[in-house]
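A.B. asks: Take a look at the following structure, please.
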Amino acid sequence: SVNPSQSLSQIEFQNVKINCKVASRFAHTVMMSTALNKANVSQEVSFEVELPKTAFISNFSMEIDGKVYVGEVKEKEKAKKQYEAAVSSGQTAGLVKASGRKMEKFSVSVNIAANSKVTFTLTYEELLQRRLGKYELMIRVKPQQLVQHFEIVADVYEPQGIEFLDAYGTFITNELLPLVEKTVSDKKAHVSFSPTLDQQRKCSDCEGTLIDGDFLINYEVKRAQDLGDIQIVNGYFVHFFAPANLPRLPKNVVFVIDKSGSMTGKKMQQTRDAMQTILSELHEEDHFALVIFAGDVETWKPTLTRATEENVDEAKTFTKNIHVDGWTNINDAVLRAADLLKTARANKVVPENSASMIILLTDGDPNKGETRLEKIQENVKNAIGGEATLFCLGFGFDVKYSFLDVMAKENNGLARRIYEASDAVLQLQGFYNEVANVLLSDVHFQYPDSKVNSVTGSKFKQLFNGSEIVVSGRMNDIEMNDFPVEVSAQSLNTEFLLKGQASTRDWNIIFPDQEYIFGDFTERLWAYLTIQNLLNKKDKGSAEEKQNATAEALELSLKYNFVTPLTSMVVTKPETEEKPENTLIADKLTEDERKEVKASPGFSSYASSSRSAPVNSGTYTSTSRSSPVNWVDSD
Amino acid sequence: PHFIIEFPDQKDAICFNINDKPGTIFNLVKDPLTGIIVNGQTIRDKKIDPKNMMNTYFGRFGIIHAKLGIRLMVTTQDILVSERGKQAKFYWSDNTTVKGPNMDLHITKDRSLTVTLRNSMKFVIVLHKVWKKHPYHQDYLGFYTLDSHLFSQRVHGLLGQFFHGITFEVSDVFKGENTDKPDAHMFVKGHNLTVTRGWQKDYRKNVKEGEDVPCWFIHNNGTGIIDGDIGDYIVSGLF
Numbered sequence: 080s081v082n083p084s085q086s087l088s089q090i091e092f093q094n095v096k097i098n099c100k101v102a103s104r105f106a107h108t109v110m111m112s113t114a115l116n117k118a119n120v121s122q123e124v125s126f127e128v129e130l131p132k133t134a135f136i137s138n139f140s141m142e143i144d145g146k147v148y149v150g151e152v153k154e155k156e157k158a159k160k161q162y163e164a165a166v167s168s169g170q171t172a173g174l175v176k177a178s179g180r181k182m183e184k185f186s187v188s189v190n191i192a193a194n195s196k197v198t199f200t201l202t203y204e205e206l207l208q209r210r211l212g213k214y215e216l217m218i219r220v221k222p223q224q225l226v227q228h229f230e231i232v233a234d235v236y237e238p239q240g241i242e243f244l245d246a247y248g249t250f251i252t253n254e255l256l257p258l259v260e261k262t263v264s265d266k267k268a269h270v271s272f273s274p275t276l277d278q279q280r281k282c283s284d285c286e287g288t289l290i291d292g293d294f295l296i297n298y299e300v301k302r303a304q305d306l307g308d309i310q311i312v313n314g315y316f317v318h319f320f321a322p323a324n325l326p327r328l329p330k331n332v333v334f335v336i337d338k339s340g341s342m343t344g345k346k347m348q349q350t351r352d353a354m355q356t357i358l359s360e361l362h363e364e365d366h367f368a369l370v371i372f373a374g375d376v377e378t379w380k381p382t383l384t385r386a387t388e389e390n391v392d393e394a395k396t397f398t399k400n401i402h403v404d405g406w407t408n409i410n411d412a413v414l415r416a417a418d419l420l421k422t423a424r425a426n427k428v429v430p431e432n433s434a435s436m437i438i439l440l441t442d443g444d445p446n447k448g449e450t451r452l453e454k455i456q457e458n459v460k461n462a463i464g465g466e467a468t469l470f471c472l473g474f475g476f477d478v479k480y481s482f483l484d485v486m487a488k489e490n491n492g493l494a495r496r497i498y499e500a501s502d503a504v505l506q507l508q509g510f511y512n513e514v515a516n517v518l519l520s521d522v523h524f525q526y527p528d529s530k531v532n533s534v535t536g537s538k539f540k541q542l543f544n545g546s547e548i549v550v551s552g553r554m555n556d557i558e559m560n561d562f563p564v565e566v567s568a569q570s571l572n573t574e575f576l577l578k579g580q581a582s583t584r585d586w587n588i589i590f591p592d593q594e595y596i597f598g599d600f601t602e603r604l605w606a607y608l609t610i611q612n613l614l615n616k617k618d619k620g621s622a623e624e625k626q627n628a629t630a631e632a633l634e635l636s637l638k639y640n641f642v643t644p645l646t647s648m649v650v651t652k653p654e655t656e657e658k659p660e661n662t663l664i665a666d667k668l669t670e671d672e673r674k675e676v677k678a679s680p681g682f683s684s685y686a687s688s689s690r691s692a693p694v695n696s697g698t699y700t701s702t703s704r705s706s707p708v709n710w711v712d713s714d
Numbered sequence: 021p022h023f024i025i026e027f028p029d030q031k032d033a034i035c036f037n038i039n040d041k042p043g044t045i046f047n048l049v050k051d052p053l054t055g056i057i058v059n060g061q062t063i064r065d066k067k068i069d070p071k072n073m074m075n076t077y078f079g080r081f082g083i084i085h086a087k088l089g090i091r092l093m094v095t096t097q098d099i100l101v102s103e104r105g106k107q108a109k110f111y112w113s114d115n116t117t118v119k120g121p122n123m124d125l126h127i128t129k130d131r132s133l134t135v136t137l138r139n140s141m142k143f144v145i146v147l148h149k150v151w152k153k154h155p156y157h158q159d160y161l162g163f164y165t166l167d168s169h170l171f172s173q174r175v176h177g178l179l180g181q182f183f184h185g186i187t188f189e190v191s192d193v194f195k196g197e198n199t200d201k202p203d204a205h206m207f208v209k210g211h212n213l214t215v216t217r218g219w220q221k222d223y224r225k226n227v228k229e230g231e232d233v234p235c236w237f238i239h240n241n242g243t244g245i246i247d248g249d250i251g252d253y254i255v256s257g258l259f
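First to last, the protein sequences are chains D and P. Numbering of the first sequence is given in the numbering used here, commencing with residue 80 and proceeding in unit increments. Numbering of the second sequence is given in the numbering used here, commencing with residue 21 and proceeding in unit increments.
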């Protein structure tokens with residue numbers, strides 16, 4: 080986009096190129112944009128990119144008149160200390176802002192001289208997650224004006240084989256539809272979309288662009304009833320586990336619903352509506368309970384109840400009549416849920432091979448009963464005792480999301496924010512659908528210590544239908560090309576046990592004559608996954624564990640040049656007449672920061688230095704008569 | 021291959037690349053007085069990455085100490101040693117130390133070979149192990165001299181000519197083509213060269229990551245810093 084004070088016609092957007100390569104779910108996206116200032120005065124040009132929250136920025140550069148300004152990833156704390164003055168003056172250090180539910184926005188603007196060109200290039204990486212049976216690659220495009228050369232190109236390489244692939248855009252009209260080109264072969268897919276200037280126009284005689292929205296690629300890989308896909312590449316391995324045709328386990332679910340005063344109105348109504356559908360989708364072999372809380376805790380029935388048609392109907396009527404009331408006592412409500420599950424297990428009310436879960440829906444902070452957040456987390460962890468999974472749904476922006484997030488993670492679950500909007504019912508149902516069908520519980524991966532190390536995880540509480548467990552690790556020896564694998568879990572009727580051998584495949588045969596894309600993909604995937612795990616770990620466990628996880632995540636973020644919540648990307652801007660050379664910082668937002676940044680958008684500038692090889696200035700003579708160290712090598 | 025001449029006293033270094041057809045054998049060190057010769061043969065990537073130029077690396081080294089009657093052939097597979105007719109073969113997969121009257125040899129498994137030749141030379145050969153099934157790259161070697169003061173004044177070769185130091189003058193640091201890397205003028209061996217500040221890697225301590233060594237890069241196959249041109253250093257055999 081351009082500075083609105085300038086005439087739009089004076090900036091020509093010559094290129095917008097989005098190139099995405101996905102290899103084994105790991106997506107590497109490069110967004111490049113070139114703008115020419117045709118005016119005879121200098122003007123500000125901004126570059127804004129929305130990228131998925133789950134992505135890590137790994138590179139950014141601006142090329143102005145042949146000079147390249149490259150972003151440098153630094154430890155966040157060090158970067159902040161360096162620019163202490165600006166931070167202490169209360170400015171938020173960020174080129175990154177929250178943007179909607181799934182995305183965050185990276186923006187930078189520079190002053191471009193008359194008749195000069197600027198090229199911005201942003202690279203980010205993410206591991207696509209399988210949800211409800213498919214992966215989604217989302218590219219948000221908002222060029223805001225016509226672009227001479229607009230192009231989206233995506234190549235997907237999946238060694239397991241591609242089951243299906245769809246490509247579409249929210250902005251795609253009937254006229255643009257034929258321009259979405261898609262070629263899918265067994266293990267490869269190529270998608271491109273490149274409308275001409277005229278094809279981008281909203282109407283034949285206007286300058287508005289049709290290109291405004293999300294370009295989405297959804298795909299699924301082929302699956303078998305086996306160990307899954309294990310790839311060994313260049314000293315690293317990755318294991319994708321989601322076997323086909325597994326029967327679902329019956330579940331024991333306790334819905335814990337907040338009816339405190341803040342839920343008044345739309346939120347309460349949406350909860351009631353969502354519960355109607357969610358309850359309808361329970362299977363007859365499932366057991367469930369309802370715990371409703373405000374200041375006090377109330378249960379629909381004193382025990383878990385089988386989800387017969389009659390019971391479900393009764394529960395629906397009960398939930399239709401939930402009315403708001405007073406305070407928020409999260410502690411007692413979740414402890415009651417844990418107790419219901421424990422009693423049901425002890426009394427053998429629920430089947431032995433079944434998955435237990437608590438789904439907590441709340442919109443506020445605890446203010447009744449136990450209100451100390453850490454104490455609640457401790458109580459909940461002790462009460463659940465690893466016997467169930469806790470999912471927390473934070474409704475709206477007033478909720479203390481990080482509290483729910485930690486509490487869920489400590490109990491093998493996860494938290495999700497539910498946004499206050501007309502589709503909140505769908506959000507609630509959508510989340511429930513993701514976790515409602517457990518296929519396996521207590522999934523345990525065994526890889527031999529003598530062969531692999533630094534494994535990203537080996538125990539997972541559940542495998543949900545439509546999801547996938549991804550484990551990655553390092554080989555002890557780069558030359559090891561195989562190792563035995565064992566996966567054990569609890570399934571519907573039997574003890575689930577799969578044994579097999581992981582071995583390297585010949586990539587030249589799988590993807591012959593392809594540009595080499597496998598160099599460090601698996602290593603970066605491992606690093607991405609390890610950092611994500613460590614970031615989760617740093618919020619739970621003992622003080623020492625938290626400290627170690629933080630240090631390790633930081634080290635990896637710096638090594639692999641990822642902008643994570645522990646690092647910042649320092650971007651140096653060129654010097655102008657008005658401003659000396661200055662520096663901006665791109666941070667990765669945490670859920671809490673997203674909330675804060677939403678309230679105070681903007682970014683600030685700081686003075687900075689950048690990394691270059693140290694140079695002895697001036698004229699000097701170097702004579703060496705001592706024995707120098709000489710070597711010849713390559714990299 | 022990247023050549024690096026480091027001057028620890030000055031905390032500075034000079035570097036240059038030598039590129040030629042793969043399979044070429046270059047003389048790195050030749051000292052007619054001590055009878056030491058080090059030659060290296062280059063290899064290339066298995067397959068050329070369309071995005072990159074063809075890179076060459078050293079894949080084999082031949083080392084002769086004529087006076088001690090020692091010959092070493094170091095490849096990415098194994099290490100062949102012969103001393104006055106007796107032969108021994110070692111593998112990179114060994115962790116071995118051998119001490120002899122004229123030569124000490126230490127292999128750190130899959131990593132490095134350190135050789136000390138009595139009263140003359142100490143060097144390290146680093147093995148860069150690449151995943152065997154890598155579609156593009158293959159294993160290669162690096163050669164590091166650790167102690168070269170016992171060489172004669174007549175020592176020469178692509179590395180040897182720098183064993184007794186050189187005099188160079190750097191002036192006028194200015195912004196070059198690459199904004200990250202300033203250029204400068206260097207006066208060396210009677211030539212005025214434009215050099216670029218850059219980085220190379222020292223892999224002795226960390227064979228995977230290496231350590232950055234800032235250096236003045238001499239362009240065009242080291243033209244101006246090496247005596248003659250690269251053709252003068254090509255030899256017909258490893259020994």
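Beta carbons are placed, not taken as given, at the ideal position from N, Cα and C, and that holds for glycine. For clarity, every value in this text was computed on a predicted model and none was experimentally measured.
Curious, which full-length alpha helix (DSSP H) runs of at least 4 residues does the region 489–549 of chain D contain?
C.D. replies: With a minimum length of 4 residues, the continuous alpha helix (DSSP H) runs that stay inside the region 489–549 of chain D are 503–515.
A.B. asks: Please say whether Ala386 (chain D) and Leu369 (chain D) have beta carbons closer to each other than 8 Å?
C.D. replies: Not in contact: Leu369 (chain D) and Ala386 (chain D) (Cβ atoms no closer than 8 Å).
A.B. asks: Which class does Thr583 (chain D) belong to by DSSP, given the choice of helix, strand or coil?
C.D. replies: Coil at Thr583 (chain D), not helix or strand.
A.B. asks: Consult DSSP for Ser397 (chain D) and reduce its assignment to one of helix, strand or coil.
C.D. replies: Sequence inspection shows Phe at residue 397 (chain D); the Ser mentioned does not correspond to that position. Helix at Phe397 (chain D).
A.B. asks: Taking only beta-carbon atoms, is Gly162 (chain P) less than 8 Å away from chain D?
C.D. replies: Chain D contact via Cβ: present.
A.B. asks: Do we get a CB-CB distance below 8 Å when we pair Pro42 (chain P) with the residues of chain D?
C.D. replies: It does not: the Cβ of Pro42 (chain P) has no partner Cβ on chain D nearer than 8 Å.
A.B. asks: On the three-state DSSP scale, how would you describe Lys100 (chain D)?
C.D. replies: Looking at Lys100 (chain D) - three-state DSSP - the assignment turns out to be strand.
A.B. asks: Can you list, in chain order, the residues of its chain whose CB lies under 8 Å from that of Thr407 (chain D), leaving out five sequence neighbours each side?
C.D. replies: The residues are Asp337, Ser339, Ser341, Phe372, Ala373, Gly374, Thr441, Gly443, Asp444, Pro445, Asn446 and Lys447.
A.B. asks: Tell me which residue opens and which closes the alpha helix (DSSP H) that Asn461 (chain D) is part of.
C.D. replies: Start and end: Leu452 to Ile463.
A.B. asks: Can you pull out the residues from the region 163–176 of chain P whose beta carbon lies closer than 8 Å to at least one beta carbon of chain D?
C.D. replies: Residues passing the 8 Å Cβ filter: Phe163, Tyr164, Thr165, Leu166, Asp167, Ser168 and His169.
A.B. asks: Under 8 Å by Cβ, that's how I've got Ser121 (chain D) and Ala193 (chain D) pegged, so tell me the actual separation to the nearest angstrom.
C.D. replies: Contact holds; Cβ gap of about 6 Å.
A.B. asks: Going straight from the alpha carbon of Asp65 (chain P) to that of Gly43 (chain P), what length do you get?
C.D. replies: So the two alpha carbons sit approximately 12 Å from each other.
A.B. asks: Quick test of the definition: if touching needs 3 or more C-beta pairs under 8 Å, does the region 287–303 of chain D touch the region 218–230 of chain D?
C.D. replies: Segments in contact, yes.
A.B. asks: If you run the structure through DSSP and keep just helix, strand and coil, what is Glu151 (chain D)?
C.D. replies: Of the three classes helix, strand and coil, the one that applies to Glu151 (chain D) here is strand, per DSSP.
A.B. asks: Take Val215 (chain P) as the anchor and find which of P:Thr243, P:Thr95, P:His126 and P:His157 has the nearest alpha-carbon.
C.D. replies: Residue P:Thr243 is the option with its Cα nearest to Val215 (chain P).
A.B. asks: State the DSSP-derived secondary structure class of Asp308 (chain D), mapped to helix, strand or coil.
C.D. replies: Strand, per DSSP.
A.B. asks: How many Å lie between Val190 (chain P) and Glu151 (chain D) at the Cα?
C.D. replies: Approximately 28 Å between the Cα atoms of the pair.
A.B. asks: Which residue from P:Val118, P:Tyr111 and P:Ser113 puts its Cα closest to that of Glu103 (chain P)?
C.D. replies: The shortest C-alpha separation from Glu103 (chain P) is found at P:Val118.
A.B. asks: So, for Ala164 (chain D): in the same chain, excluding its five sequence neighbours on each side, which residues have a beta-carbon less than 7 Å away from its beta-carbon?
C.D. replies: The pLDDT assigned to Ala164 (chain D) is 48, lower than 50, so where the model puts this residue is not dependable; a value taken from the coordinates is nonetheless given after this. Counting only Cβ-Cβ distances below 7 Å, and skipping sequence neighbours, we find nothing.
A.B. asks: Which whole runs of the alpha helix (DSSP H) in the region 104–149 of chain D are 4 residues long or more, in chain order?
C.D. replies: Complete alpha helix (DSSP H) runs here, min 4: none at all.
A.B. asks: Nearest to Leu577 (chain D) by alpha carbon, out of D:Lys132, D:Ala303 and D:Ser533?
C.D. replies: Nearest of D:Lys132, D:Ala303 and D:Ser533 to Leu577 (chain D), Cα basis: D:Ala303.
A.B. asks: Determine the extent of the alpha helix (DSSP H) in which Gly242 (chain P) is found, giving its start and end residues.
C.D. replies: Looking at the DSSP string, the run of the alpha helix (DSSP H) that includes Gly242 (chain P) is His239 to Gly242.
A.B. asks: Checking contacts by CB at 8 Å: is His154 (chain P) closer than that to chain D?
C.D. replies: At least one chain D Cβ lies under 8 Å of His154 (chain P).
A.B. asks: When the cut-off is 8 Å and only beta carbons count, does Thr441 (chain D) lie next to chain P?
C.D. replies: Closer than 8 Å: no.
A.B. asks: With C-beta atoms as the reference, is Asp293 (chain D) less than 8 Å away from Thr249 (chain D)?
C.D. replies: Result yes, Cβ atoms of Asp293 (chain D) and Thr249 (chain D) sit closer than 8 Å.
A.B. asks: Go ahead and label Asp249 (chain P) buried or exposed: buried means 16 or more other beta carbons lie within 10 angstroms of its beta carbon, across all protein chains shown.
C.D. replies: By the 10 Å Cβ count, Asp249 (chain P) comes out exposed.
A.B. asks: What residues from chain D crowd round Pro52 (chain P), counting only those whose CB sits closer than 9 Å?
C.D. replies: By Cβ distance, chain D contributes nothing, its closest Cβ being about 19 Å from Pro52 (chain P), past 9 Å.
A.B. asks: I'd like to check one pair, Ala233 (chain D) with Ile296 (chain D): are the Cβ atoms closer than 8 Å?
C.D. replies: Yes.
A.B. asks: Would you tell me roughly how many angstroms separate the C-alpha atoms of Cys471 (chain D) and Thr378 (chain D), rounded to the nearest one?
C.D. replies: The alpha-carbon atoms of Cys471 (chain D) and Thr378 (chain D) are separated by roughly 18 Å.
A.B. asks: Which partner residues does Val232 (chain D) have in the DSSP bridge list?
C.D. replies: Looking at the DSSP assignment, Val232 (chain D) forms a beta bridge with D:Asn98 and D:Ser271.
A.B. asks: Near Pro381 (chain D), which residues of its chain fall below 6 Å by C-beta distance, leaving aside the five closest residues on each side in sequence?
C.D. replies: Cβ within range, chain order: n/a, list empty.
A.B. asks: What are the start and end residues of the alpha helix (DSSP H) that includes Arg415 (chain D)?
C.D. replies: Segment Ile409 to Ala425, the alpha helix (DSSP H) holding Arg415 (chain D).
A.B. asks: Distance check for Lys146 (chain D) and Ser137 (chain D), CA to CA, integer angstroms please.
C.D. replies: Taking the straight line from one Cα to the other gives about 20 Å.
A.B. asks: Report the residue from P:Gln107, P:Pro202 and P:Val146 whose alpha carbon sits nearest the alpha carbon of His126 (chain P).
C.D. replies: Comparing Cα positions, the closest option is P:Val146.
A.B. asks: Under a three-way DSSP split, which group does Gln107 (chain P) fall into?
C.D. replies: Of the three classes helix, strand and coil, the one that applies to Gln107 (chain P) here is strand, per DSSP.
A.B. asks: Just how far apart, CA to CA, sit Phe476 (chain D) and Ile463 (chain D)?
C.D. replies: For Phe476 (chain D) and Ile463 (chain D), the distance between alpha carbons rounds to 27 Å.
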